[in-house]
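J.:
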Amino acid sequence: MQEWPLLSHVELRALPGSVRSARLHTTSILHRWGLGGLADTAELLVSEIITNAVRASTPIVRQQRETGQAPGAQLLRFWLTSDQRSVLIQVWDSNHHGPVRKYVGSDAEAGRGLLLIETLSAQWGWYAPDGQGGKIVWAVCAYLIQTRHLERSRASPCPPDYPGRPGYPGGPPARDLTGAPGGGPGTPAKAAPAR
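Per the numbering used here, the very first residue in the sequence shown carries number 310; after that it's consecutive.
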């Protein structure tokens, strides 16, 4: 069974400044774990995923204001998990809508985030944690992304046969919203120290 012993979890506010904090955290953790060779790629993936999560949280704040509710501080939950060969990046936000890839013209200044995630990651996708709301977008950063299957689907949920899929036997643990590894969404979790 494959082990995913390295774990880091951070909660961030859904603000643009959190993107920089997440990038710095990623670089620091990967160097601490001896995975500095993945730091640049992982930093780009984290930047895109966190940026998308911040943008996904904006309509929720707007809706709270429009309905007369005091806007609550929207949080993002950000995990890095590693088996010492690859890094799994997971980001939870409270918006239940999955990411949608935009097809933009060559002169567009934005809209290529998911294309970048697809290109740089060995695998990526998203899923809705059972009964917990929101979604988790995930990407795997690995040294040998050239070995990925070219016919894989874009932005698919975790494929059932992907051994690195969260919650898959031998894969990293699935996440519940406490931020600690557990047996699956909603399962009471045990804390694991970051290394």
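Note that CB positions come from ideal geometry on N, CA and C, so glycine has one too. Keep in mind it's a predicted model, so treat the numbers as computed, not measured.
Just checking Val355 against the ligand ZN - is the residue's beta carbon closer than 8 Å to any of the ligand's heavy atoms?
T.: In the structure on display, the ligand ZN does not appear, and there are no ligands present to speak of.
J.: Which of helix, strand or coil does DSSP assign to Glu357?
T.: Helix.
J.: When DSSP builds the beta bridges, which residues end up paired with Gln393?
T.: In the DSSP output, where bridge partners are listed per residue, Gln393 has none listed.
J.: Should Thr335 go down as buried or exposed, given a rule of 16 or more other Cβ atoms within 10 Å for buried?
T.: buried
J.: Going by DSSP, name the residue or residues bridged to Tyr412.
T.: Residue pairing for Tyr412: DSSP places it in no beta bridge.
J.: Could you check whether the region 425-442 touches the region 322-332, counting it as contact only if at least three pairs of C-beta atoms, one from each stretch, sit closer than 8 Å?
T.: no
J.: CB-CB under 6 Å to Ala448, same chain, minus the five flanking residues each way: which ones, in chain order?
T.: Scanning its chain for C-beta atoms nearer than 6 Å, with the 5 sequence neighbours on each side dropped, one finds around Ala448 the residues Leu354, Ile398, Ile426, Ser430, Trp433, in chain order.
J.: Here's a check: name, in chain order, each residue in its chain whose Cβ is nearer than 8 Å to the Cβ of Trp435, leaving out the five neighbours to either side.
T.: Gly407, Pro408, Lys444, Ile445, Val446, Trp447, Ala464, Pro466
J.: My output table needs one value for Ser317: the three-state DSSP class, helix, strand or coil.
T.: strand
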